Structure formats: structure tokens, C-alpha cells
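Here is the structure we will look at.
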Amino acid sequence: MRKIDDTGLLLAKYQSNLFEATTKELPCSSAYFYKKFAFSKLAQRMDRKSFILESLDIMGAIEELKKESNYEVGHTKVSPAIMAWIGYLTRYWAYIYEINTKQIYKYIKFDELCELYEAYHSLDIEEAINRINEAHDIKYLGDLDYKKELLKKLI
Numbered sequence: 002m003r004k005i006d007d008t009g010l011l012l013a014k015y016q017s018n019l020f021e022a023t024t025k026e027l028p029c030s031s032a033y034f035y036k037k038f039a040f041s042k043l044a045q046r047m048d049r050k051s052f053i054l055e056s057l058d059i060m061g062a063i064e065e066l067k068k069e070s071n072y073e074v075g076h077t078k079v080s081p082a083i084m085a086w087i088g089y090l091t092r093y094w095a096y097i098y099e100i101n102t103k104q105i106y107k108y109i110k111f112d113e114l115c116e117l118y119e120a121y122h123s124l125d126i127e128e129a130i131n132r133i134n135e136a137h138d139i140k141y142l143g144d145l146d147y148k149k150e151l152l153k154k155l156i
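For my numbering, count along the sequence shown from 1 and bump the result up by 1.
The structure is reproduced here in C-alpha cells:
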């Protein structure tokens, strides 16, 4: 596990703002967006940290996502605050454990994250991640061991 740094914080804040903006800017359900984002090229670039060198324009990112996939599916949206928290939490988590967005998507479903918001949003973000790991019986044993343990849970 690595320590969060300025790059990680910037990525987490950016993803938080992006997720929040989708509640107004995309016609799809929040759950559908979460799924499509996890498998998007944008998420892959953020996972590789190459994204930080690019523009941080939220509307530009939304336009890129629209070109990549049809976002006309579903209409149920969660609150902007929940989406912002989910965006921040998942990017922070991916960054400190050096795992990709797809793994987190497979590890914890959108509905569960929404349910955890009320209880966890006021916690320190690493404490929230630790509690999720505990609830899913994932133990941090070192970078490689953590990834192996997480993959076992996903399969």
C-alpha cells in the first residue's frame, strides 16, 4: 500500500467532481454510469496515472465518455453528494492499493456503495476503505498479496 500524495489527491478530487457532474450532464442512471466508467478508456488512463498530464476539464471528460458509449440507459440517479463520495472513494482506493477501477467495480457493487454512504461518508477515507475491506474479508498483506487476495474474492 502506498501513501496518498498530491497526485493521488488530485485524481481523487477530479474523479469526485466528474461523478458529481454526471448527475446533471448524463441522461443515464448513476449505476449505469458507474459500470461504464469502470471499463472506460478514461478510467484506464487514470489507473495508469497518465491522465494527470492531460486536461482536467470535467466537461471534456464527459464528452469523451459520451463518444465511447451510449449513456441513454436508465434514469435513476442518486444524489450528487453520493456520486461525489463514490468517485473520491474509488479513485483514492485504486491509487493507494495500486489496483484498477475494474477490480474495484467487480469487488463492490454500486448499490452497496450507495448504502454505505450514510454510515461511511463522514469517516476518514482510508478508514472507510479499511471497513469495506474488513466486511469483505480482504486483508492487506503487502502489495502483491493484497492484489492476489482481492482477485480471489473476484473470481
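Positions of the beta carbon are idealized from the N, C-alpha and C atoms, including for glycine.
Everything numeric in this text was worked out from a predicted model, so none of it was measured.
Integer Cβ distance of residue 13 from residue 93, believed to fall under 8 angstroms: 4 angstroms
In chain order, each alpha helix (DSSP H) run of at least 4 residues that lies wholly inside the segment 75-132: Listed in chain order, they are 81-98, 102-108, 111-121.
C-beta contact flag for residue 2 and residue 96 at 8 angstroms: no
Residue 59 in three-state terms, based on DSSP: helix
Neighbourhood of residue 35 by C-beta, 6 angstroms cutoff - its chain only, sequence neighbours within 5 removed: Here residue 35 has 111 as same chain residues with Cβ atoms under 6 angstroms from its own Cβ, once five neighbours each way along the sequence are excluded.
Same chain, Cβ closer than 6 angstroms to residue 18, neighbours up to 5 away in sequence not counted: 59
Distance CB(residue 30)-CB(residue 61) smaller than 8 angstroms: No, they are not a contact pair.
Close Cβ partners of residue 33 (< 8 angstroms) along its chain, the five nearest in sequence each way excluded: Cβ neighbours of residue 33 beyond the five flanking positions: 72, 74, 75.
Residues near residue 118 in its chain [Cβ-Cβ closer than 7 angstroms; skip 5 each side]: 83, 86
Residue 106 and residue 22 closer than 8 angstroms at C-beta: No, they are not a contact pair.
Candidates 24, 26, 25, 79: closest to residue 113 by CA position: 79
Sequence-distant residues of its chain with Cβ nearer than 7 angstroms to residue 65 (five each side left out): 43
Counted within 10 angstroms of its Cβ, other Cβ atoms place residue 7 as buried (16 or more) or exposed: It counts as exposed.
Pairwise C-alpha distance: residue 70 and residue 37: Rounded to whole angstroms, residue 37 to residue 70 spans 8 angstroms at the Cα level.
Inter-residue Cα distance where the pair is residue 91 and residue 125: C-alpha separation (whole angstroms): 14 angstroms.
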